[in-house]
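A.B. asks: Residue numbers (the working numbering): 1393 to 1687. Idealized CB from N, CA, C, for every residue including glycine. Since we're looking at a predicted model, the values are computed, not measured. This structure is in structure tokens; I'll ask about it shortly.
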Amino acid sequence: MASGKAKNLSKLSLRNPKNKGKTLGPNNTKRKKEKKEKKKKQRVNNQNPIEDKASNQNTQNSNNNNSLSNATKPQPASASAQLSFFLDQFQSGNGIKISSLELESVNDKCILDLSESLDQDVSLLGKHVMAAFGPSWKEELCEKHLLDGKIDPGSPAILIISTSALRSIELLRGLRALTKECHAAKLFSKHMKVEEQVSLLKNRVNIASGTPNRIKKLIDIEALGLSRLSVIVLDTHPDVKGYSLFTLPQVRDEFWDLYKSYFHDRLLQGSLCLGLYGPLSYGNELKGKKRSPIE
């Protein structure tokens, strides 16, 4: 019987190619186990250098991204650079050419000279504004009481103009330190009715932020006053699609309508300063209009 079993095992070994040249039994099982453990150790040993390499690569990428982020932060442009850019946009947006006589009245004094020691990040807007108003910043921007003959209701000292309600609110976050006592006026149409804003503008307002269309409407109905207005900040940061206050369809036309109606003459007279907050980039220009050269 034993001899018959041996023959059957021998036949099974020959029929199965995997068993060829291998001895069945406990010794073979032990070698398989040892081989598996060896492969497992090799995988563990080989994994560590890869993880270390990946970790180093991630660290390097993070450092590179930080360096790139710092390099691309918008730095304040000089007054002359802001003026040149603004005049170029004015001519382009309105399809006109400023005369030499008019240009004599428009100089660097019309432009807010932003602090070159500060980035133009939203969180630093308050510091830029305080520097612009100088020693009187607290009196002009923080006091909450009306003064007969001096501080009229609904007449801000600084007006911030941007493309959207969300951007207006975002910019106001950078001014929280200045608006604790006297709240800023939000002048946009999203979730806010004109009647509600008219009511708010019956109080003292030092800082206002909004969109061109609603700002013009409130000035038209004499709810928003201009008696104290000395600084206008134009938000030039592009949106996710690359459009800015000067290039976004419809908003651009609304802005220039507002500017020509209420601000241009005051700028020429020297009673108003403009500050361009953000990168001076042409971005997505509207097609069909060419920029006219300055005379």
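What does a CB cutoff of less than 6 Å around L1660 pick up in its chain, not counting 5 residues either side in sequence?
C.D. replies: S1497
A.B. asks: Taking DSSP as the reference, what is the three-state secondary structure of S1601?
C.D. replies: Residue state, collapsed to three classes: strand.
A.B. asks: According to the neighbour-count rule (16 or more other Cβ atoms, all chains shown, within 10 Å of its Cβ), is R1606 buried or exposed?
C.D. replies: buried
A.B. asks: Who are the Cβ neighbours of M1584 in its own chain at under 6 Å, not counting the five residues just before and after it?
C.D. replies: none
A.B. asks: List the residues that DSSP assigns as beta-bridge partners of D1627.
C.D. replies: Y1669
A.B. asks: Determine the burial state of K1578: buried for a count of at least 16 other Cβ atoms within 10 Å of its Cβ, exposed for fewer.
C.D. replies: buried
A.B. asks: Taking the straight line between their C-alpha atoms, what separation do you get for L1551 and E1573?
C.D. replies: 18 Å
A.B. asks: Indicate whether P1630 and V1597 have their beta-carbon atoms separated by less than 7 Å.
C.D. replies: At a Cβ-Cβ threshold of 7 Å, P1630 and V1597 do not count as neighbours.
A.B. asks: Give the single residue among V1625, Y1635, N1595, Q1589 whose Cα lies nearest to the Cα of K1609.
C.D. replies: Q1589
A.B. asks: Please state the DSSP three-state secondary structure of L1493.
C.D. replies: Here L1493 sits in helix by DSSP.
A.B. asks: How about L1593 and G1541: are their beta carbons less than 7 Å apart?
C.D. replies: no
A.B. asks: Label D1627 either buried or exposed according to how many other C-beta atoms from any shown protein chain fall within 10 Å of its C-beta, with 16 as the threshold for buried.
C.D. replies: buried
A.B. asks: Quick one, which of G1566, E1531, S1470, R1644 has its alpha-carbon nearest G1487's?
C.D. replies: Out of G1566, E1531, S1470, R1644, R1644 has the C-alpha closest to the C-alpha of G1487.
A.B. asks: For R1559, does the count of other Cβ atoms within 10 angstroms reach 16, so buried, or fall short, so exposed?
C.D. replies: That one is buried.
A.B. asks: Shortest alpha-carbon distance to E1532 belongs to which of T1571, K1633, F1477, L1650?
C.D. replies: T1571
A.B. asks: If you measure between the beta carbons of P1604 and L1672, is that distance less than 7 Å?
C.D. replies: no
A.B. asks: Quick one: using the 10 Å Cβ neighbour count with 16 as the cut-off for buried, is S1554 buried or exposed?
C.D. replies: buried
A.B. asks: Quick one: what does DSSP say A1577 is sitting in, helix, strand or coil?
C.D. replies: Three-state DSSP puts A1577 in a strand.
A.B. asks: Select from K1652, S1636, I1599, E1587 the residue whose C-alpha is nearest the C-alpha of E1614.
C.D. replies: E1587
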